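In my numbering, the protein residues as written are 5 to 322.
Beta carbons are placed, not taken as given, at the ideal position from N, Cα and C, and that holds for glycine.
Here the structure is a predicted model, which means the values were calculated and not measured.
See structure below.
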């Protein structure tokens, strides 16, 4: 109670930044932040706590520089393995050049480092094979950790420096997604759904070889979540193999041009559901929605206003 009052006093007097330079940022973050952020990268929670404790500022520049430095350490591990395999380095990815088929094949051989590590469990390098595939496992582990650190650098994504980190995070995730999805018998599609002046990016994970249409599930996250966070978790479960899963970020966050309103969000979600229902692999009569964190609020509203939804799951709505 005393700590809560202390935090409220700092917020009221706008001195949280000053205090964070003394005690670190972790004191002022939600209690589950370390678990949440570490889960994205398969990083041990204790290690992530140490990273939070060594971060001494919420200032845009200092915050992003702290996490990007950690991301760059992981990219160096990735580069070491790519160079051993004579596949260049991550600098090409960061400059917008798509990975070669050889790079994707190299990463694909290490997919199990991610896909066989359940959500919330750190990647254990002691379990990596000791043969020629070890480099691929190390590369996937390092790339996933770099993505996690860029994800944290992008949080909460409202100003230029975090938004730049957000774009790098997404670009790197696209690479690991293209490499790993085929090992799970999934096709990946990226779509832009134009709605009300917004270009809504929608990822689709589609099961291969079904021979028939399947239910469609729309996943939306909360105020400070991204597609990367939700999809990393989904790729570590077998749930994605039974339906067509579509992922979008909550309107008004990150890449959105306009703040979210009740009417605009319902319009955007409705148009994305229309797009899903029209997809050739989706049974338009079997649509569902999963809302995570504040996205659960949105999912609940959509259950009331859009009768096409046959099932809605709310996880952590506030």
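Where residue 38 and residue 44 are concerned, what is the direct C-alpha to C-alpha distance, given to the nearest angstrom?
10 Å
Under the three-state reduction of DSSP, which class applies to residue 111: helix, strand or coil?
helix
Closest to residue 125 by C-alpha separation, out of 207, 159, 237, 206, would be which residue?
237
With distance defined between alpha-carbon atoms, name the residue in 164, 163, 185, 152 nearest to residue 173.
152
Among residues of its own chain, excluding the 5 on either side of residue 314, which ones have a beta-carbon nearer than 7 Å to its beta-carbon?
290, 291, 292
Where residue 110 and residue 205 are concerned, what is the direct C-alpha to C-alpha distance, given to the nearest angstrom?
28 Å
Range of the contiguous beta strand (DSSP E) that encloses residue 290:
286-296
Taking Cβ to Cβ, would you say residue 287 is nearer than 7 Å to residue 217?
yes
Beta-carbon gap between residue 248 and residue 210 smaller than 7 Å:
yes
As a quick exercise: from 296, 285, 176, pick the residue whose alpha carbon is nearest that of residue 215.
285
Kindly indicate the opening and closing residues of the beta strand (DSSP E) around residue 249.
248-252
In its own chain, which residues sit with a C-beta less than 6 Å from the C-beta of residue 181, not counting the 5 before and 5 after it?
192
CA-CA distance, residue 56 and residue 280?
39 Å
Ends of the beta strand (DSSP E) at residue 51?
Looking at the DSSP string, residue 51 is not in any beta strand (DSSP E); the run it does join, the alpha helix (DSSP H), is 49-58.
Can you list, in chain order, the residues of its chain whose CB lies under 8 Å from that of residue 198, leaving out five sequence neighbours each side?
204
For the beta strand (DSSP E) containing residue 239, name the first residue and the last one.
Segment: none, residue 239 is in no beta strand (DSSP E) and carries neither H nor E.
With a cut-off of 8 Å on the beta carbons, I'd call residue 46 and residue 148 a contact; round off their distance for me.
6 Å
Give the range of the beta strand (DSSP E) segment to which residue 185 is assigned.
Per DSSP, residue 185 belongs to no beta strand (DSSP E) and is neither H nor E.
Counting only runs of 4+ residues fully inside the region 188-244, write out the alpha helix (DSSP H) ranges in chain order.
231-238
CA-to-CA distance, residue 245 to residue 119, given in whole angstroms
13 Å
Spatial neighbours of residue 112 within its chain, please: C-beta separation below 8 Å, excluding the five flanking residues on both sides.
140, 183, 184, 186, 187
Who are residue 324's beta bridge partners in DSSP?
As shown, the chain starts at 5 and ends at 322. That puts residue 324 outside it, with no answer to give.
Quick one, are the C-beta atoms of residue 271 and residue 200 less than 7 Å apart?
yes
Return the CA-CA distance between residue 145 and residue 134, expressed in angstroms with no decimal places.
15 Å
Rounded to a whole number of angstroms, what is the C-alpha to C-alpha distance between residue 317 and residue 299?
10 Å
Going by DSSP, what residue range makes up the alpha helix (DSSP H) through residue 159?
Premise fails: residue 159 is in no alpha helix (DSSP H) and is neither H nor E.
Reduced DSSP category for residue 314 - H, G, I as helix; E, B as strand; rest coil
strand
On a CA-only basis, which of 165, 128, 166, 231 is nearest residue 177? Give me that one, please.
231
Just to confirm my understanding: we take residue 101, look at its own chain, exclude 5 residues before and 5 after, and list those with CB closer than 6 Å. What are they?
none
Pick helix, strand or coil for residue 272, following the three-state DSSP scheme.
helix
Over what stretch of residues does the alpha helix (DSSP H) that includes residue 82 continue unbroken?
64-88
State the CB to CB distance for the pair residue 72 and residue 154, rounded to an integer number of angstroms; the pair is presumed to be in contact (CB under 8 Å).
7 Å
Less than 8 Å between the CB atoms is what I'm expecting for residue 82 and residue 94, so what's the real figure, rounded?
5 Å
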